[in-house]
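Asks: Protein chains in written order, with the numbering used here: chain A, 1 to 175; chain B, 1001 to 1175.
There are 2 protein chains.
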Amino acid sequence: MADTKQRIQDVARELFARQGYTGTSMADIAGRLSITPAALYYHYKSKADVLDALLAEPLAAYAELAERASVLTPAELLAAFVDFTARANAVIPVVTGDPAVRDLLDERFPRSPKEMMDAVIAALAGPDPDRPALIRAHAAFAVVKEATAAVLAERGLESADRKEILAAARRVLDA
Amino acid sequence: MADTKQRIQDVARELFARQGYTGTSMADIAGRLSITPAALYYHYKSKADVLDALLAEPLAAYAELAERASVLTPAELLAAFVDFTARANAVIPVVTGDPAVRDLLDERFPRSPKEMMDAVIAALAGPDPDRPALIRAHAAFAVVKEATAAVLAERGLESADRKEILAAARRVLDA
DNA sequence: GTCTATACTTAGATAGAC
DNA sequence: GTCTATCTAAGTATAGAC
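(1) Quick check on DSSP: helix, strand or coil for residue 161 of chain A?
(2) Check whether the Cβ atoms of residue 142 of chain A and residue 1143 of chain B sit closer than 9 Å, and answer yes or no.
(3) Give me the Cα-Cα distance between residue 1090 of chain B and residue 165 of chain A, rounded to the nearest whole angstrom.
(4) Taking one C-beta from the region 133–142 of chain A and one from the region 105–124 of chain A each time, how about it: are there three or more such pairs within less than 8 Å?
(5) Got a sec? Which residues, its chain only, sit under 6 Å from residue 1072 of chain B by beta carbon, not counting five neighbours each side?
(6) Would a check of beta-carbon distances place residue 50 of chain A closer than 9 Å to chain B?
(7) Could you give the distance in angstroms between the alpha-carbon of residue 64 of chain A and the alpha-carbon of residue 112 of chain A?
(8) Assuming residue 1094 of chain B contacts residue 1169 of chain B (C-beta within less than 8 Å), just tell me the rounded distance between them.
(9) Against chain B, does residue 85 of chain A count as a neighbour if the rule is that its beta carbon must be under 9 Å from one of theirs?
(10) Count the other CB atoms, across all protein chains shown, that sit within 10 Å of the CB of residue 155 of chain A; report buried if there are 16 or more and exposed otherwise.
(11) Residues of the region 3–27 of chain A in Cβ contact with chain B at a cutoff of 7 Å, in chain order, please.
(12) Between the region 27–41 of chain A and the region 71–86 of chain A, do at least 3 Cβ pairs fall closer than 8 Å?
(13) Starting from residue 1062 of chain B and walking both ways along the alpha helix (DSSP H), at which residues does that stretch end?
(14) Anyone know if the C-beta pair for residue 1171 of chain B and residue 151 of chain A falls short of 9 Å?
(15) Just to make sure I have the definition right: I need the residues of chain B whose C-beta is within less than 7 Å of the C-beta of residue 31 of chain A. Which are they?
(16) Using the rule of at least 16 other Cβ atoms within 10 Å of the residue's Cβ for burial, across every protein chain shown, is residue 1098 of chain B buried or exposed?
(17) Quick one: is residue 143 of chain A near chain B, going by C-beta distance under 9 Å?
(18) Give the residues from the region 122–136 of chain A that approach chain B closer than 9 Å (Cβ to any Cβ), ordered along the chain.
(19) If you check the beta carbons only, do residue 1012 of chain B and residue 1059 of chain B fall under 9 Å apart?
(20) In terms of residues, what are the limits of the alpha helix (DSSP H) holding residue 135 of chain A?
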């Protein structure tokens, strides 16, 4: 990818994460790069396209995970999801926090994050889940997502952290 | 409170929850009430004031919970937090999802939601926590917050649900 | 308490020069 | 590839009539 496009994505990822997608203007992004907003439109035809470029790879990874979910054991799925969360850490709040982003993604990507999350939850809950099983699945999902984010907020995700998170998630899942 | 003010708050709560604070305009709120935006400014002097009015009660409840956190047992704290989450359900995503709201609250309320969350996490982690204890505290917090929200998304929080959520959170906390 | 009209600002986006 | 200049739309907010 051209150097300028890469730099735009890096700045956009940081600003979207800090201020949200709706809360970040094209002028904000351009200012950080010491160019004018108009110059951005040479590289991307809209603000939504900048977001697309930023999310394409993480969303594809999420889709792959959701597709494999039903053939993995819960332990394998939780482990894979910790790693996904760690890699996509910077963009997850952008997707989950801003309703405008959710609507954009519905138009532009085949499967919504909500659908993919539901697939993971369903796999964690097992076949024909009752209400307690669904609650435990949501809880285990939450443990992985939030605990991983909490660790990454102040340091790298070390091997011991990963094991602790997975152990907690498995305790939640096994009633 | 005057009837119109109450109806403005009800509409604002619903729209902020669905579209986010930044993603909701005064015209959106006014339209739902079949009045003009200008009329809103008779009742509230700014959009931020509408948000303030909406969040004052939940934030005060959260502050009280955070203050009592250190003298409650973890089980009591988790139970109180389930109930708080259930009551504040509609506005929690408004606060946590939009960075602009976080900045507004920093200016307008004495203690930020982040600070209060940290107090709860610290109480759950116990004195002089090591890294695993902090991870477990974050995980238990996440279980209560997300599982309660998941249940409320499709039905009321029944007594059995509450017990299931608390049992899961306690399994996370006790290594 | 609500309206019309409007001021002011910011944002997304385009045209055309360089 | 980037700029200047500009358009259009939307949003917050106010003034003053009713």
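Every residue, glycine too, gets a C-beta built ideally from N, C-alpha and C.
Replies: Reading it off the structure:
(1) The residue given as residue 161 of chain A occupies position 161 in the first sequence. If DSSP states are grouped into helix, strand and coil, residue 161 of chain A belongs with the helices.
(2) As a working mapping, residue 142 of chain A is identified with position 142 in the first sequence. As a working mapping, residue 1143 of chain B is identified with position 143 in the second sequence. At the C-beta level, residue 142 of chain A and residue 1143 of chain B come within 9 Å of one another.
(3) Counting from one through the second sequence, the residue named residue 1090 of chain B turns up at place 90. Counting from one through the first sequence, the residue named residue 165 of chain A turns up at place 165. Taking the straight line joining both Cα atoms gives about 28 Å.
(4) yes
(5) The residue you call residue 1072 of chain B lines up with position 72 of the second sequence. Cβ within range, chain order: n/a, list empty.
(6) If you number the first sequence from 1, residue 50 of chain A lands on position 50. It does not: the Cβ of residue 50 of chain A has no partner Cβ on chain B nearer than 9 Å.
(7) Here residue 64 of chain A corresponds to residue number 64 of the first sequence, with the count starting at 1. Here residue 112 of chain A corresponds to residue number 112 of the first sequence, with the count starting at 1. Going by the C-alpha atoms only, they are around 13 Å apart.
(8) In the second sequence, the residue the question calls residue 1094 of chain B occupies position 94. In the second sequence, the residue the question calls residue 1169 of chain B occupies position 169. Not really, about 24 Å apart at Cβ, beyond 8 Å.
(9) Sequence index remark: in the first sequence, residue 85 of chain A carries index 85 (1-based). Not an interface residue.
(10) Locating residue 155 of chain A in the first sequence gives position 155, where the first residue counts as 1. Its Cβ having fewer than 16 others within 10 Å, residue 155 of chain A is exposed.
(11) 18, 19, 20, 22, 23
(12) no
(13) Sequence index remark: in the second sequence, residue 1062 of chain B carries index 62 (1-based). Here the alpha helix (DSSP H) through residue 1062 of chain B covers 1047–1068.
(14) Your numbering for residue 1171 of chain B matches position 171 in the second sequence. Your numbering for residue 151 of chain A matches position 151 in the first sequence. The answer is no: Cβ separation not under 9 Å.
(15) Numbered from 1 along the first sequence, position 31 holds the residue referred to as residue 31 of chain A. Residues of chain B passing the Cβ test: none, with the nearest at roughly 17 Å.
(16) As a first step, residue 1098 of chain B must be located in the second sequence, where it is residue number 98. Per the 10 Å Cβ criterion, buried.
(17) Numbered from its first residue, the first sequence carries residue 143 of chain A at position 143. Yes, residue 143 of chain A counts as interfacial toward chain B.
(18) For the region 122–136 of chain A, the set of positions with a beta-carbon nearer than 9 Å to some beta-carbon of chain B reads 131, 132, 134, 135, 136 in chain order.
(19) On the second sequence, position 12 is the one that residue 1012 of chain B refers to. On the second sequence, position 59 is the one that residue 1059 of chain B refers to. Not a contact, by the Cβ cut-off of 9 Å.
(20) In the first sequence, residue 135 of chain A corresponds to position 135, counting from 1. Looking at the DSSP string, the run of the alpha helix (DSSP H) that includes residue 135 of chain A is 131–154.
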